[in-house]
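All remarks here apply to the structure that follows.
Number of protein chains: 2
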Amino acid sequence: MDTKTVLAALAALAQESRLAVFRLLIQAGPSGLAASKIAEHLDIAPSSLSFHLKELTHAGLLVPKQDGRFVIYSANVEVMNGLIGFLTENCCGGVPCDSASAVACSPA
Amino acid sequence: MDTKTVLAALAALAQESRLAVFRLLIQAGPSGLAASKIAEHLDIAPSSLSFHLKELTHAGLLVPKQDGRFVIYSANVEVMNGLIGFLTENCCGGVPCDSASAVACSPA
DNA sequence: ACAATGATTCCACAATTATTGAAATATGAA
DNA sequence: TTCATATTTCAATAATTGTGGAATCATTGT
Numbered sequence: 003m004d005t006k007t008v009l010a011a012l013a014a015l016a017q018e019s020r021l022a023v024f025r026l027l028i029q030a031g032p033s034g035l036a037a038s039k040i041a042e043h044l045d046i047a048p049s050s051l052s053f054h055l056k057e058l059t060h061a062g063l064l065v066p067k068q069d070g071r072f073v074i075y076s077a078n079v080e081v082m083n084g085l086i087g088f089l090t091e092n093c094c095g096g097v098p099c100d101s102a103s104a105v106a107c108s109p110a
Numbered sequence: 003m004d005t006k007t008v009l010a011a012l013a014a015l016a017q018e019s020r021l022a023v024f025r026l027l028i029q030a031g032p033s034g035l036a037a038s039k040i041a042e043h044l045d046i047a048p049s050s051l052s053f054h055l056k057e058l059t060h061a062g063l064l065v066p067k068q069d070g071r072f073v074i075y076s077a078n079v080e081v082m083n084g085l086i087g088f089l090t091e092n093c094c095g096g097v098p099c100d101s102a103s104a105v106a107c108s109p110a
């Protein structure tokens, strides 16, 4: 995963509404949720939600799927994992970290 | 880890220079690097680097330590892990994910 | 065809963020 | 003390980003 992709993903997640949307979809699982369902949960104006969904999708974190007049969005777990891998890459230069560092220091 | 902290961390990482700084320090390990060393690696104007170091520190991702006239910065792996945990929390609503999802879908 | 619903686009405005140079602060060395 | 080095602060500017309303597009049901 390259720097540009990672930056886009981080920028997409670094906003209150978008972080909430992403978490909601992570918890919703592979079946995802329609945009209207998301709006219902989070109480965001339609045009604003659409803007945020576009940002997340463009960053690769969400995958939209047309279903009749609904658009079902689901979280793309692979990009999420790529992001985590990138951030923890070569953690501590190979030197073992202390116990609190279990996740970030797992082998790259 | 609460939403505010997570948002601050994401916003701090969602910028080219800061992401590069953080990665450099992750790879440098617990001993960290002086601000001047970071500047040397990444070629950023001093005032700009200082701004970014402050952002990262304020988000809890970096820990500064005065050492003579140097300031040694090191990455805070715990905040990093908290961030990852928050993002992957309740992934897929308990439903097992496919093989590509190993990291994000580890138990919360 | 028409009306109703779900979603997106366009626009203008407000708010936030990044960058740079110059000045200020702090520590160590001559 | 005086000078040089390391870092931060300040101020001005430029660029990016978030928001909500109205209009638009797409799909379904009557």
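Protein chains in written order, with the numbering used here: chain C, 3 to 110; chain Y, 3 to 110. Ideal placement from N, C-alpha and C gives every residue a C-beta, glycine not left out. All values derive from a computational prediction rather than experimental measurement.
Verify the CB distance criterion: does residue i have a CB-CB separation below 8 Å to chain Y?
i: Glu42 of chain C; result: no
i: Val73 of chain C; result: no
i: Val23 of chain C; result: no
i: Leu12 of chain C; result: yes
Please report whether the beta-carbon of residue i lies at a distance below 8 Å from any beta-carbon of chain C.
i: Ala1 of chain Y; result: Residue 1 of chain Y is absent from the model: chain Y starts at 3 and stops at 110.
i: Leu51 of chain Y; result: no
i: Pro86 of chain Y; result: In the sequence as presented, Pro is not what sits at residue 86 of chain Y; that position holds Ile. True, the Cβ-Cβ gap to chain C drops below 8 Å.
i: Val65 of chain Y; result: no
What residue range does the alpha helix (DSSP H) around residue i cover?
i: Gln68 of chain Y; result: Unbroken run through Gln68 of chain Y is the beta strand (DSSP E), 64 to 69; no alpha helix (DSSP H).
i: Ala10 of chain Y; result: 5 to 15
i: Glu91 of chain Y; result: Neither: Glu91 of chain Y is in no alpha helix (DSSP H) and is coded neither H nor E.
So residue i contacts chain C; which residues on that side make the cut at Cβ distance below 8 Å?
i: Leu58 of chain Y; result: Chain C residues near Leu58 of chain Y: none, gap ~13 Å exceeds 8 Å.
Need the endpoints of the beta strand (DSSP E) that residue i sits in, please.
i: Ser76 of chain Y; result: 72 to 77
According to DSSP, is residue i helix, strand or coil?
i: Ala30 of chain C; result: helix
i: Ser36 of chain C; result: Reading off the sequence, residue 36 of chain C comes out as Ala, not Ser. Of the three classes helix, strand and coil, the one that applies to Ala36 of chain C here is strand, per DSSP.
i: Met82 of chain C; result: helix
i: Ala106 of chain Y; result: Annotation note: pLDDT 45 at Ala106 of chain Y (below 50); position unreliable, coordinate value reported separately. Note: Ala106 of chain Y maps to coil in three-state DSSP.
i: Ala41 of chain Y; result: helix
i: Ala22 of chain Y; result: helix
Anything in chain Y within Cβ reach of residue i, meaning under 7 Å, just list it in chain order.
i: Ile46 of chain C; result: Chain Y residues near Ile46 of chain C: none, gap ~15 Å exceeds 7 Å.
i: Leu27 of chain C; result: Result: empty, since nearest Cβ-Cβ is about 10 Å, beyond 7 Å.
Closer than 9 Å by beta-carbon distance: list the chain Y residues that pair up with residue i, in chain order.
i: Leu9 of chain C; result: Leu15, Ala16, Gln17, Glu18, Leu21
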